[in-house]
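Just add 10 to wherever you are in the sequence shown, counting from 1, and you've got my numbering.
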Amino acid sequence: MTDDITEQYLPLLAKLLKHERFMHSLGVRDTAGLLAERYGADMQKARLAGLLHDITKNRNKEFHLNTLKKHGLDADKLLLHSRKVWHSVTGAYYVRDVLGIDDAEIFDAIRYHTTGRAGMTTLDKIIYTADFIEPSRKYEGAEQLRKTAFEDIDKACLEGVKFCIEEQLSIPDTVYPDTLDFYNDLIYTKGDV
Ligand SMILES: [Fe+2]
Ligand SMILES: [Fe+2]
11 MTDDITEQYL
21 PLLAKLLKHE
31 RFMHSLGVRD
41 TAGLLAERYG
51 ADMQKARLAG
61 LLHDITKNRN
71 KEFHLNTLKK
81 HGLDADKLLL
91 HSRKVWHSVT
101 GAYYVRDVLG
111 IDDAEIFDAI
121 RYHTTGRAGM
131 TTLDKIIYTA
141 DFIEPSRKYE
151 GAEQLRKTAF
161 EDIDKACLEG
171 VKFCIEEQLS
181 IPDTVYPDTL
191 DFYNDLIYTK
201 GDV
C-alpha cells in the first residue's frame, strides 16, 4: 500500500513494544482493515487504531498512573480493576496527545478495545474483534471465530466479551462495568431475550 499512513509509526512502535506485541499490532492493523472493508467502516482509521491500540501496553505502572492523574481520571476506580484496562485508556491519550492523532473515533476505538462499552460503534467493534482474531492469536476455536467475525461481528463480539467475563470470574477478578454494559447491549441487540 503506497499511501499507507500507518507505516510512519512502525519505528516508534518497534521501540515501545516487545517483539511479540509488535507483531500482534501488525496483525490487528491488517485484520481491522479487512473488517472495515467488510463492514463499510473507514479503512485508514481502522488500520491506524489497530496498529496503535496497544502502544502503551509495555509501559510501567508509574507511566499509567501519571497519565491517568494528568487527565484527572478516576485513577482509584481504575486501580480497582485489572491493569489490562489501564493501557487502553492511557493508549488513547498517548495516540491523541503525543502522536497528535486528534480523531475522536480512533480515540474511542483504542479507549474501549479492552473493556467494550454500551453503544459500541462499528469501528469500536472492529478493533475489539481484530484484537482477538488476528493471525498470531492461537487458542481453541480461533479459526471458527475468524470466520464468524466476517459473517456477524456482533456474534464475534459476544463470544469475545463472554470469554473475558468468564475469565475474570474464574480468576476471580473484577469485571469492569463497561464490559457488562457491552455484554448487555449485545444481548439486547440479539432481540431474543
Ligand atoms: Fe490491548
Ligand atoms: Fe491487543
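For every residue, glycine included, the Cβ atom is placed at its ideal position computed from N, Cα and C.
This structure is a prediction, so every number in the text was calculated from the model and none was measured.
Can you list, in chain order, the residues of its chain whose CB lies under 8 Å from that of residue 28, leaving out five sequence neighbours each side? Locating residue 28 in the sequence shown gives position 18, where the first residue counts as 1. So the qualifying residues of the chain are 68.
Does the beta-carbon of residue 64, which I'm using as the reference point, lie nearer than 6 Å to any heavy atom of ligand 1? Indexing the sequence shown from 1 puts residue 64 at position 54. Under cutoff, so the answer is yes.
Decide yes or no for the touch test of the segment 53–65 against the segment 77–91: beta carbon pairs closer than 8 Å, at least 3 of them. no
Would you kindly report the start and end of the unbroken alpha helix (DSSP H) that includes residue 154? Taking the sequence shown and counting its residues from 1, the one referred to as residue 154 is at position 144. Unbroken alpha helix (DSSP H) run through residue 154: 152–161.
Any chance the segment 92–99 sits against the segment 139–151, with 3 or more Cβ pairs inside 8 Å? no
Length of the line joining the Cα atoms of residue 36 and residue 179: Counted from its first residue, the sequence shown places residue 36 at position 26. Counted from its first residue, the sequence shown places residue 179 at position 169. Roughly 30 Å between the two C-alpha positions.
Can residue 41 be considered in contact with ligand 1, in the sense that its beta carbon sits closer than 6 Å to one or more heavy atoms? Walking along the sequence shown from the start, residue 41 turns up at place 31. For ligand 1, not one heavy atom lies less than 6 Å from the Cβ of residue 41.
For residue 112, I'd like the list of residues in its chain whose CB is within less than 8 Å of its CB, leaving aside the five on either flank, ordered along the chain. Along the sequence shown, one-based indexing puts residue 112 at 102. Cβ neighbours of residue 112 beyond the five flanking positions: 106.
Using a 10 Å radius around the Cβ and a threshold of 16 neighbouring Cβ atoms, would you call residue 90 buried or exposed? As a first step, residue 90 must be located in the sequence shown, where it is residue number 80. It counts as exposed.
Could you check what DSSP says for residue 194 in three-state terms: helix, strand or coil? On the sequence shown, residue 194 is found 184 positions in, with the first residue counted as 1. The answer is helix: DSSP assigns residue 194 an H, G or I state.
Of all the options 174, 170, 164, which has the alpha carbon lying nearest to the alpha carbon of residue 198? As a first step, residue 198 is located in the sequence shown; it is residue number 188 there, counting from the start. Comparing Cα positions, the closest option is 164.
Residue 145 by DSSP, collapsed to three states: which one? The residue given as residue 145 occupies position 135 in the sequence shown. Here residue 145 sits in coil by DSSP.
What do you reckon, are the CB atoms on residue 158 and residue 51 nearer than 7 Å? The residue labelled residue 158 in the question sits at position 148 within the sequence shown. The residue labelled residue 51 in the question sits at position 41 within the sequence shown. Not in contact: residue 158 and residue 51 (Cβ atoms no closer than 7 Å).
Is the beta carbon of residue 140 less than 7 Å from the beta carbon of residue 45? Your numbering for residue 140 matches position 130 in the sequence shown. Your numbering for residue 45 matches position 35 in the sequence shown. In contact: residue 140 and residue 45 (Cβ atoms closer than 7 Å).
Among 88, 162, 177, whose alpha-carbon lies nearest the alpha-carbon of residue 196? The residue labelled residue 196 in the question sits at position 186 within the sequence shown. Among 88, 162, 177, the Cα nearest to that of residue 196 belongs to 162.
Would you check whether ligand 2 has a heavy atom nearer than 6 Å to the C-beta of residue 141? Here the question's residue 141 lines up with position 131 in the sequence shown. Yes.
Range of the contiguous alpha helix (DSSP H) that encloses residue 40: Numbered from 1 along the sequence shown, position 30 holds the residue referred to as residue 40. Unbroken alpha helix (DSSP H) run through residue 40: 29–49.
What are the uninterrupted segments assigned as alpha helix (DSSP H) that are 4 or more residues long and contained completely in the segment 78–102, given in chain order? 85–89
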